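Residue numbers (UniProt numbering): 1 to 250.
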């Protein structure tokens, strides 16, 4: 099991900021001895999950196979994609869907219209759940004990001057999201970025995913965000939830 954990840490050390790394960089980012890191990297190369030119290593597209079984079993991304594409066309903005992984959201669908963040968002991109509209939707429907533990353990680092960083403010925000059934995050993740998110329900009534529309603050003020984006977003979330129930019947 320890070897599996170490191997996964080696894979996770590669990301958008570090797509290519030397042996020394991988060892440093994973806290592994160089000999150990080298053994894992060469195993990944031999299995086709990584490649090397002798001085640097990088992942290959085959690593996508590692998540394919989860994605296929979930069924959700393929069901949601047409709805998200329709939503994006309707509002003229990017639409996404994510699921919760501990204290982070993971993007499982993305319909980009334009790049509105300094980082590129793709399938598999992760963000802290507490500072994102989709994350707050996903967290708001957890039980109180889970939320309390998360707020206790979270590193509440301000990402912008608008970021809520106190447990009291975040708890109140999650309570409001649960009550109203959607979340609006105004420039808390990145300056100039506004997003609104809604929950997607499983056939048994659990919140299993969230969808959102993201836009620049210069495009819509908060009133316009409510008027022009919130209604179609909520309808799309209901449609995806209904599609999931219909799919289970078949």
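Here a beta-carbon is modelled for each residue, glycine too, at the ideal position from N, C-alpha and C. Bear in mind that the values here come from a model prediction, so they are computed numbers and not experimental data.
Rounded separation between residue i and residue j - CA only
i	j	result
residue 59	residue 11	8 Å
residue 243	residue 77	12 Å
residue 91	residue 229	6 Å
residue 153	residue 102	11 Å
residue 236	residue 169	29 Å
residue 206	residue 172	22 Å
residue 21	residue 238	43 Å
residue 213	residue 120	15 Å
residue 123	residue 75	15 Å
residue 339	residue 83	In the structure as shown, the chain starts at 1 and stops at 250, and residue 339 therefore has no counterpart that could be examined.
residue 190	residue 220	16 Å
residue 250	residue 232	Low per-residue confidence applies at residue 250: pLDDT is 48, beneath 50, and the placement is therefore not dependable, though the value from the model is reported in the following sentence. Their Cα atoms are separated by approximately 27 Å.
residue 89	residue 113	9 Å
residue 51	residue 39	13 Å
residue 1	residue 9	12 Å
residue 252	residue 100	Since the displayed the chain opens at 1 and closes at 250, residue 252 lies outside it and no answer follows.
Beta-ladder partner(s) of residue i, from DSSP
i	result
residue 127	105
residue 98	107, 210
residue 201	207
residue 20	58
residue 51	58
residue 193	216
residue 184	196
Per-residue burial, residue i [other beta carbons within 10 Å of its own, 16 or more giving buried]
i	result
residue 46	exposed
residue 241	buried
residue 55	exposed
residue 224	exposed
residue 218	exposed
residue 180	exposed
residue 87	buried
residue 134	buried
residue 194	buried
Beta-carbon separation (whole angstroms), residue i vs residue j, contact threshold 8 Å
i	j	result
residue 208	residue 197	So it is not a contact: roughly 14 Å between Cβ atoms.
residue 203	residue 245	4 Å
residue 187	residue 162	4 Å
residue 131	residue 150	13 Å between Cβ atoms; not a contact.
residue 37	residue 27	4 Å
residue 41	residue 23	7 Å
residue 107	residue 94	Contact doesn't hold; Cβ gap of about 11 Å is too wide.
C-beta contact flag for residue i and residue j at 9 Å
i	j	result
residue 105	residue 129	yes
residue 141	residue 178	yes
residue 147	residue 139	yes
residue 184	residue 222	yes
residue 49	residue 66	yes
residue 13	residue 29	yes
residue 254	residue 136	A question about residue 254 goes unanswered here, because the residues of the chain that appear run from 1 up to 250.
C-beta neighbour in chain C for residue i, strict 9 Å
i	result
residue 221	Of the protein chains in the structure, only one exists, and it is not chain C.
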